[in-house]
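Visitor:
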Amino acid sequence: MNESDYRELCKIVAKVIKIDSDAVSLDSSIVDDLGGDSLHRVEIIMELEAHFDISIPDDFTNSYTTVEHLAKFIQDNK
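Start counting the sequence shown at 1; every next residue gets the next number (my numbering).
(1) Below 8 Å on the Cβ atoms is my contact criterion, and I expect threonine 66 with arginine 41 to pass it. Report the Cβ-Cβ distance as a whole number of Å.
(2) Within its chain, find whatever has a CB closer than 8 Å to the CB of isoleucine 74; leave out the 5 residues flanking it on each side and keep chain order.
(3) In whole angstroms, what is the alpha-carbon distance linking aspartate 20 and leucine 34?
(4) Figure out for me which residue from Asp37, Glu3 and Leu26 has the closest Cα to the Cα of isoleucine 17.
(5) Using the three-state DSSP reduction, which class does threonine 66 fall into: helix, strand or coil?
Set out below in structure tokens:
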């Protein structure tokens, strides 16, 4: 994933969870580290689909746990 896309990913995660984007890193757990919940996880997916113009399947939506998982999916499917 290029730096620009990574920054956008961090901004989206931070915006949805309502935290500072500086708190978001690749190894951040959406729930354990960033304080997100299941609703945040779904909202993040919706924002990423719109921003990156990709479709993210439900099985991934229910299984991802870290920002790195999101970055890898976007990289592989963009």
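No residue lacks a Cβ here, since even glycine has one placed at the ideal position from N, Cα and C. This one's a predicted model, so the numbers in the text were calculated from it and none came from an experiment.
Guide: A quick look at the data gives this:
(1) Here residue 66 refers to the residue found at position 66 of the sequence shown. Here residue 41 refers to the residue found at position 41 of the sequence shown. Contact doesn't hold; Cβ gap of about 11 Å is too wide.
(2) As a first step, residue 74 is located in the sequence shown; it is residue number 74 there, counting from the start. Correct list, in chain order: Met1, Asp5, Leu9, Leu48, Phe52 and Ile54.
(3) The count along the sequence shown starts at 1 and reaches residue 20 at position 20. The count along the sequence shown starts at 1 and reaches residue 34 at position 34. Answer to the nearest angstrom: the Cα atoms are 10 Å apart.
(4) Taking the sequence shown and counting its residues from 1, one reaches residue 17 at position 17. The shortest C-alpha separation from isoleucine 17 is found at Asp37.
(5) Taking the first residue of the sequence shown as 1, we reach residue 66 at position 66. If DSSP states are grouped into helix, strand and coil, threonine 66 belongs with the strands.
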